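Enquirer: One line per chain: the protein sequences are V and S, in this order. Going by the numbering used here, the letters in the first sequence line up with residues 1 to 610, in that order. Going by the numbering used here, the letters in the second sequence line up with residues 1001 to 1583, in that order. The beta-carbon is built from N, C-alpha and C at its ideal position, and this holds for glycine as well. Here the structure is a predicted model, which is why all the values come from computation and not from measurement.
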Amino acid sequence: MSTHFQEDEILGKAYDARLMRRLLGYLRPYRWAVIGSILLLLLNAGADLLGPYFVKVAIDRYMTQGDLAGVARIAVFYLGALLAAFAFRYAQNFITQVVGQRVTYDLRMALFAHLQRLAVAFFTRSPVGRLMTRITNDVDTLYEMVTSGVVTVVGDLFMLTGIVIAMLLLDWRLAVVAFLVLPGLVYATFGFQVRMRESYRAVRVRIARINAYLNENIMGMPVAQLFNRGAKNFRRFDELNRDHLDSNLEAVRYMALFFPLVGFFGAVATALLIWYGGGQVVRGVVTLGLLVAMLQYTERFFRPIQDLAEKYNVLQAAMASSERIFRVLDEPVTVEDPPDPVPLARVRGEVEFRDVWFAYDDAPASGNGAAEWVLKGVSFRIPPGESVAVVGHTGAGKTSIINLISRFHDPQRGQVLVDGGDVRAYRQRDLRRCVGLVLQDVFLFSGTIASNIRLGDDEISDDAIRRAAEFVNAHRFIERLPQGYATNVVERGATLSAGQRQLIAFARALAHNPEILLVLDEATSSVDTETEILIQDALRKVLKDRTSIIIAHRLSTIQNVSRILVMHKGRLVEEGTHRELLARGGIYTKLYELQYRDQELRPRGESRHA
Amino acid sequence: MSPRLRAYILRHRRAYAAGYLLSVASSLLLMVNPIIMREAVDGIRRSVSLGRLTFYALALVAVHLFVVVLRYYWRTSIFGAARQIEYEMRNDYFGHLQRMHLGYFQHTRTGDLMARAVNDLNTVQRFLGPGLMHGFGTIVMFFISVVFMLAVDVRLTIVMLIILPLVSLTFIALAPRIHAQFEAVQDQFSAISAKAQENFSGIRVVKAFAQEPHETAAFAELNREYIRRNLGVIKTSGALWPLIDLFLGLAAVMLLWQGGQAVITGRITLGQFVQFTAYLGLLAWPMIALGWVVNLMQRGLASMKRLDEVFGQKPKITDAPDAPPLPVLRGEVEFRNVTFAYDQTPVLHDISLRIPAGATVAVVGPTGSGKSTLVSLIPRLFDVSAGQVLIDGQDVRRVRLEDLRAHVGFVPQDTFLFSDTLRENIGYGLAAAAEGVVREAAGIAALDRDVAEFPRGYDTLVGERGVTLSGGQKQRTAIARAVARDPRILILDDALSSVDTNTEELILSGLRGVLRTRTAIIISHRVSTVRHADLIVVLAEGRIAEQGTHDDLLVAGGLYADLYRKQLLEEALEKADMDLERA
Chain V
1 MSTHFQEDEI LGKAYDARLM RRLLGYLRPY RWAVIGSILL LLLNAGADLL
51 GPYFVKVAID RYMTQGDLAG VARIAVFYLG ALLAAFAFRY AQNFITQVVG
101 QRVTYDLRMA LFAHLQRLAV AFFTRSPVGR LMTRITNDVD TLYEMVTSGV
151 VTVVGDLFML TGIVIAMLLL DWRLAVVAFL VLPGLVYATF GFQVRMRESY
201 RAVRVRIARI NAYLNENIMG MPVAQLFNRG AKNFRRFDEL NRDHLDSNLE
251 AVRYMALFFP LVGFFGAVAT ALLIWYGGGQ VVRGVVTLGL LVAMLQYTER
301 FFRPIQDLAE KYNVLQAAMA SSERIFRVLD EPVTVEDPPD PVPLARVRGE
351 VEFRDVWFAY DDAPASGNGA AEWVLKGVSF RIPPGESVAV VGHTGAGKTS
401 IINLISRFHD PQRGQVLVDG GDVRAYRQRD LRRCVGLVLQ DVFLFSGTIA
451 SNIRLGDDEI SDDAIRRAAE FVNAHRFIER LPQGYATNVV ERGATLSAGQ
501 RQLIAFARAL AHNPEILLVL DEATSSVDTE TEILIQDALR KVLKDRTSII
551 IAHRLSTIQN VSRILVMHKG RLVEEGTHRE LLARGGIYTK LYELQYRDQE
601 LRPRGESRHA
Chain S
1001 MSPRLRAYIL RHRRAYAAGY LLSVASSLLL MVNPIIMREA VDGIRRSVSL
1051 GRLTFYALAL VAVHLFVVVL RYYWRTSIFG AARQIEYEMR NDYFGHLQRM
1101 HLGYFQHTRT GDLMARAVND LNTVQRFLGP GLMHGFGTIV MFFISVVFML
1151 AVDVRLTIVM LIILPLVSLT FIALAPRIHA QFEAVQDQFS AISAKAQENF
1201 SGIRVVKAFA QEPHETAAFA ELNREYIRRN LGVIKTSGAL WPLIDLFLGL
1251 AAVMLLWQGG QAVITGRITL GQFVQFTAYL GLLAWPMIAL GWVVNLMQRG
1301 LASMKRLDEV FGQKPKITDA PDAPPLPVLR GEVEFRNVTF AYDQTPVLHD
1351 ISLRIPAGAT VAVVGPTGSG KSTLVSLIPR LFDVSAGQVL IDGQDVRRVR
1401 LEDLRAHVGF VPQDTFLFSD TLRENIGYGL AAAAEGVVRE AAGIAALDRD
1451 VAEFPRGYDT LVGERGVTLS GGQKQRTAIA RAVARDPRIL ILDDALSSVD
1501 TNTEELILSG LRGVLRTRTA IIISHRVSTV RHADLIVVLA EGRIAEQGTH
1551 DDLLVAGGLY ADLYRKQLLE EALEKADMDL ERA
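1) Among S:ILE1192, S:GLY1131, S:LEU1174 and S:PHE1182, which residue has its Cα nearest to the Cα of PHE1079 (chain S)?
2) Looking at the strands, I want to know which residues DSSP matches up with ILE613 (chain V).
3) Can you tell me the Cα-Cα spacing of ARG508 (chain V) and ARG327 (chain V), whole angstroms?
4) Mind checking which residues open and close the beta strand (DSSP E) that includes TRP357 (chain V)?
5) Quick one: give me the first and last residue of the beta strand (DSSP E) that THR1360 (chain S) is part of.
6) So is GLN500 (chain V) in contact with chain S if we call contact Cβ pairs under 9 Å?
7) Could you pull out every residue in the same chain whose Cβ sits closer than 7 Å to the Cβ of GLY456 (chain V), ignoring the five residues on either side in sequence?
8) If we count the other Cβ atoms within 10 Å of its Cβ and call it buried at 16 or more, is TYR187 (chain V) buried or exposed?
9) Taking beta-carbon pairs under 9 Å, can you tell me which members of the region 562 to 592 of chain V lie near chain S?
10) Is DSSP giving PRO1003 (chain S) helix, strand or coil here?
11) Distance, Cα to Cα, ILE1035 (chain S) vs TYR200 (chain V)?
12) If you draw a straight line from the C-alpha of VAL1206 (chain S) to the C-alpha of GLU1212 (chain S), how long is it?
13) In chain order, what residues of the region 1331 to 1349 of chain S put their CB closer than 9 Å to some CB of chain V?
14) Measuring alpha carbon to alpha carbon, tell me which of S:ALA1278, S:ALA1239 and S:ASP1308 ends up nearest TYR1662 (chain S).
15) Check the Cβ-Cβ distances between ARG604 (chain V) and every residue of chain S, and say whether any is below 9 Å.
16) Hey, quick one: how far does the alpha helix (DSSP H) through SER1193 (chain S) stretch, first residue to last?
17) Is it buried or exposed for TRP275 (chain V), if we count other Cβ within 10 angstroms and need 16 for buried?
18) Within a Cβ cutoff of 7 Å, which residues of the same chain sit near ARG618 (chain V), ignoring the five residues on either side of it in sequence?
19) Per DSSP, HIS568 (chain V) forms a beta bridge with which residues?
20) On the DSSP bridge assignment, give the partners of VAL342 (chain V) in chain order.
21) Would the region 1482 to 1490 of chain S count as touching the region 1512 to 1531 of chain S if we require 3 or more Cβ pairs under 8 Å?
22) Check whether the Cβ atoms of ARG427 (chain V) and ASP337 (chain V) sit closer than 9 Å, and answer yes or no.
23) How would you list, in chain order, the residues of chain V whose beta-carbon sits under 9 Å from the beta-carbon of LEU1107 (chain S)?
24) Name the chain V residues whose beta carbon is nearer than 7 Å to that of GLN1313 (chain S)?
25) Less than 9 Å between the beta carbons of GLY1542 (chain S) and SER1385 (chain S), yes or no?
26) Excluding sequence positions up to five away, which residues of its chain have a Cβ less than 7 Å from the Cβ of VAL1167 (chain S)?
27) Between which two residues does the alpha helix (DSSP H) harbouring THR1373 (chain S) extend?
28) Name the chain S residues whose beta carbon is nearer than 8 Å to that of GLY51 (chain V)?
29) Per DSSP, which one or two residues make a beta bridge with ALA1540 (chain S)?
30) In chain S, which residues lie with their C-beta within 8 Å of the C-beta of ARG432 (chain V)?
31) Enumerate, from N- to C-terminal direction, the unbroken alpha helix (DSSP H) stretches of 4 or more residues contained entirely within the region 1081 to 1116 of chain S.
32) Roughly how far, in whole angstroms, is the beta-carbon of LEU118 (chain V) from the beta-carbon of GLU331 (chain V), given that I think they are within contact range, below 8 Å?
33) In the DSSP assignment, find the alpha helix (DSSP H) that holds PRO1315 (chain S) and state where it starts and stops.
34) Could you please give me the residues that DSSP links to LEU1390 (chain S) through a beta bridge?
35) Could you check whether the Cβ of HIS1214 (chain S) sits closer than 9 Å to any Cβ belonging to chain V?
36) Which chain V residues sit within Cβ distance under 8 Å of TYR1087 (chain S)?
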């Protein structure tokens, strides 16, 4: 949360040609709609500007001449112009908004699709909250820019130009006199905008400070209370708060001066027209109606000028957002499919590590500093159909083995091979189709139980789902749920027990029937005895006749597999069956004592090891 | 209206009263200019002298100058009051939270408390400022204009009074619809957010099962629905401003038609027609603002309700009304039949334990056995459900909180440091962070050498804007922070878990001197940390399972002995690693 408050402070330029060009690229598919919208803006400006002219005609031609029917006629024309302006404006707004929606959609999908291609490493490094802001708020800011930024700027310019032309056409001398207030007005408006911008920035920075402080204090309230910081922290908060108040009051004063000032310029323009224009009327150079029309035109000057000045903020925010969005879009795809992937049709299921060196950050590759190697020259081969357990103390590198086979990461040195081919030679989708993964902390998506087993693979029939669930002992509890397989999973499966979630994960893996199965079966929180027996049974069944690598936590598992790989601090140190390794009395023996022996002493399944 | 809000407003009644007076005055003054214009136009028709015209022009400018002054003070007094109230309310909010007990914060999401402080307070401020200003201003303006319009021509005024309310009605009619449609859009937006969040958090599963195309399709579907719902808003809200313009235009058309005829028939002069037009211009904004103001008020009051919910919460852990000040403390701590339940979930059962002043007691036990809860009862982060916690024989609930906590140095399990300098963090519990004390505390916590390596030493900023400390450095800072207060009772809640064994040894030997004269309670998972304690208490499932010295407990062969055996194995594994590295 605190990062969010801080990011708000960063606002850069309001216009950046490079960013703008890139943004406009997203508008290209809708250029005809945009052109149509601009045409409608022109028409709207035209219809809107007819009003004062009608007033002139009404006064000069009918009111002073006593033509009652004429006044009625001109009123009808006026009404027509109003209705036309209404229609143009509504249509224009509709088109603009729809274009804005579509552009937002395109951009959001581009972001999402790109994120799907990025490696897992990117997600480990980027907080989810920040990515969320990119895809939600930042994209919306751009919508704002398209709809109320670019288009209204054009509209305001049309309107201003239209008024100037209309006034010059009516009488250029009067027009020029009225324009005398323009420099003052423009100066005041834009000068005010600059002040306001600074003022608002000051306010924003201060409110961000307040919020960061408040946020920190809420989170650290126990510490603050334990250390008797009540009065001191309150004084600090009061300081920040007062700072904010002061800059707000400054903004209030600018605002309070600006709006009446705009009205004042209007009064001056009116005064000038009455003084000079009135004289012209008296001298018979222009008509009274023309003077009244001029007075009305000057009134319409103010809205577009004010609008234009305000657009700066919209543009500035949009530029900042687009910069952040493009930074994500420009994030290189590090784990990529090869240009000509090797087909992976019928998989036997052989896995081999050949002198694999791996570190999570890339520093070791460049060779500087003490490398944080997680795997150091690991080599092993698992023939098709064999089940192998990997054991080791925390930080031994067990999970990394799984991450490399699934190609969540690529090793810096050495090779990971599936069926004799480097995993980097296959398409990621093909590879992952044949590699199933069961994570300890089962991730359930919003949807039903069935959709969580099936995931996106529509080829898996309801029947297959049921068979898979039956096979892994999940069918019984699923059936007892209110809507069975159609029961909705709420809050990531919070209503299901840890054991039940794990059974669903097995069903999920089994339904997809992978040739190679990776199971991350690390320390589990308490699972009741009955479920534990079900899980152990399910695990045994899914491992059968399938190449499997299990990061084992359960004693029953390590006793059942044909081979155990003992990892220690990134190295493969021992290898063999449970009995062989125990007999050797090496690291495995100690690990066994530490992690597994308790399970023998306790009744089956009541593993509460932390 | 919430009584709390009314009290805030009443406290600033002078500013509001002044603002409203200025509002009336400036509205009246604004009525003068159209009269001058009438005189001018009628004068022009009669071909008055240029001098007369100059007079009119100067009068227009002069009157408006007054308007500028009045409106300036009108706005500053009311907006100023609103900002002042916002300031007061924010301080009160913070002060209120400071008094709330820990349990409250565990039940309330930080994000929710923040949202109220940020969004709701802002909405209330907008009600107090623009809401109350325009609420009064528009009504005043409306009535005054109508009176002046009536003075010109009754029939025209009636026509205007038929058309103009359409402007406000448009707003009032469309606003709820737009609001409802907008909510539907927001719901969909939440669905999009939720989907994105789920995808990003579960990216491993997504990739493991090659779900990217499926996920992208699902996301696209949600976004299409989002567009569809947005179209509803666009259709309705897109009509709002054009409609308002249309009705205002309609008023102008009616004026031209009816007013034009009135001029021709001689009921009014052309000048009066122009005057009337000017009044219409002055009325446009208030008619629009009326609907807006209604909206501001509704939302402001709803937000105030949400703020009141927080203000209405009573702090549960407070000073007893007649709590005596705490004299110098010896530091004896006693738990007498203490039972504690957290939301009806029992955590501690009937714990009795006496810790003599100056003793060092270690608490060990599996996760969830109630160790942290036990020690958090001493500085009253929580109060017992039954039984008593006593220091020097006095129930902690009978002592002034501030005194009690001043004597306790607490190092919590989750280290929380503030984004400030190291010096401020270490001296967090001191009136002023004296250099000597800070350095000494850092020395005891074995932090001094780390600090020496930071370019800015004790002035190094901690947290996102400064250096990122390692877990061990954070813990050591928290230890230094507790030690710096020179407490009678020092509590370390698993405070050495992130430091390596060598540093642990360093800290323990540093602490040994400090602990000689102080009571200490140390929670740890490591035997090395606790083996030298005067007493080791083993907690299991909220009860004391065994207690004694290191040697006693090893002989007993219970949970502690088991823990010790495992620790030895860990050490052996650690050593095996070193052998490997050498090989």
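Expert: Based on what the coordinates show:
1) S:GLY1131
2) No information on residue 613 (chain V) is available, as it lies outside the stretch 1 to 610 that chain V covers here.
3) 36 Å
4) Element bounds for TRP357 (chain V): 351 to 358.
5) First-last of the beta strand (DSSP E) with THR1360 (chain S): 1360 to 1364.
6) With 9 Å as the cut-off, GLN500 (chain V) does not count as an interface residue toward chain S.
7) none
8) Exposed is the call here.
9) HIS568, LYS569, ARG571, VAL573, GLY586, ILE587, LYS590 and LEU591
10) helix
11) 39 Å
12) 6 Å
13) none
14) The requested residue 1662 (chain S) does not occur in the structure, where chain S is confined to residues 1001 to 1583.
15) In this prediction, ARG604 (chain V) has a pLDDT of 39, which is less than 50 and means its spatial position is unreliable; what the coordinates show is noted afterwards. The beta carbon of ARG604 (chain V) does not come within 9 Å of any beta carbon belonging to chain S, so the residue lies off that interface.
16) 1165 to 1201
17) TRP275 (chain V) is classed as buried because its beta carbon has at least 16 other beta carbons within 10 Å across all chains shown.
18) Nothing about residue 618 (chain V) can be read from this structure; chain V reaches only from 1 to 610.
19) V:ARG571
20) Paired residues: none, contrary to the question.
21) Remark: three or more beta-carbon pairs, one from each stretch, lie closer than 8 Å, so the region 1482 to 1490 of chain S and the region 1512 to 1531 of chain S are flagged as touching.
22) yes
23) Rather than Leu, the amino acid found at residue 1107 (chain S) in this sequence is His. Those within 9 Å of HIS1107 (chain S) in chain V number zero; the least Cβ separation is about 13 Å.
24) The contacting residues do not exist; GLN1313 (chain S) stays about 13 Å from chain V at best.
25) Not a contact, by the Cβ cut-off of 9 Å.
26) If we look at VAL1167 (chain S) and ignore the five residues flanking it on each side, its Cβ neighbours are ILE1244, PHE1247, LEU1248, MET1287 and ILE1288.
27) 1371 to 1376
28) GLY1249 and ALA1252
29) Assignment of beta-bridge partners to ALA1540 (chain S) by DSSP yields S:ARG1543.
30) Ordered by position in chain S, the residues that pass the 8 Å Cβ test against ARG432 (chain V) are LYS1207, ALA1208, PHE1209 and ALA1210.
31) Entirely contained in the region 1081 to 1116 of chain S, the alpha helix (DSSP H) runs reaching 4 residues are, in chain order, 1102 to 1107 and 1110 to 1115.
32) 6 Å
33) Note, PRO1315 (chain S): premise wrong, no alpha helix (DSSP H); not H, not E.
34) S:GLU1334 and S:ASP1395
35) With 9 Å as the cut-off, HIS1214 (chain S) counts as an interface residue toward chain V.
36) ASN241, ARG242, HIS244 and LEU245
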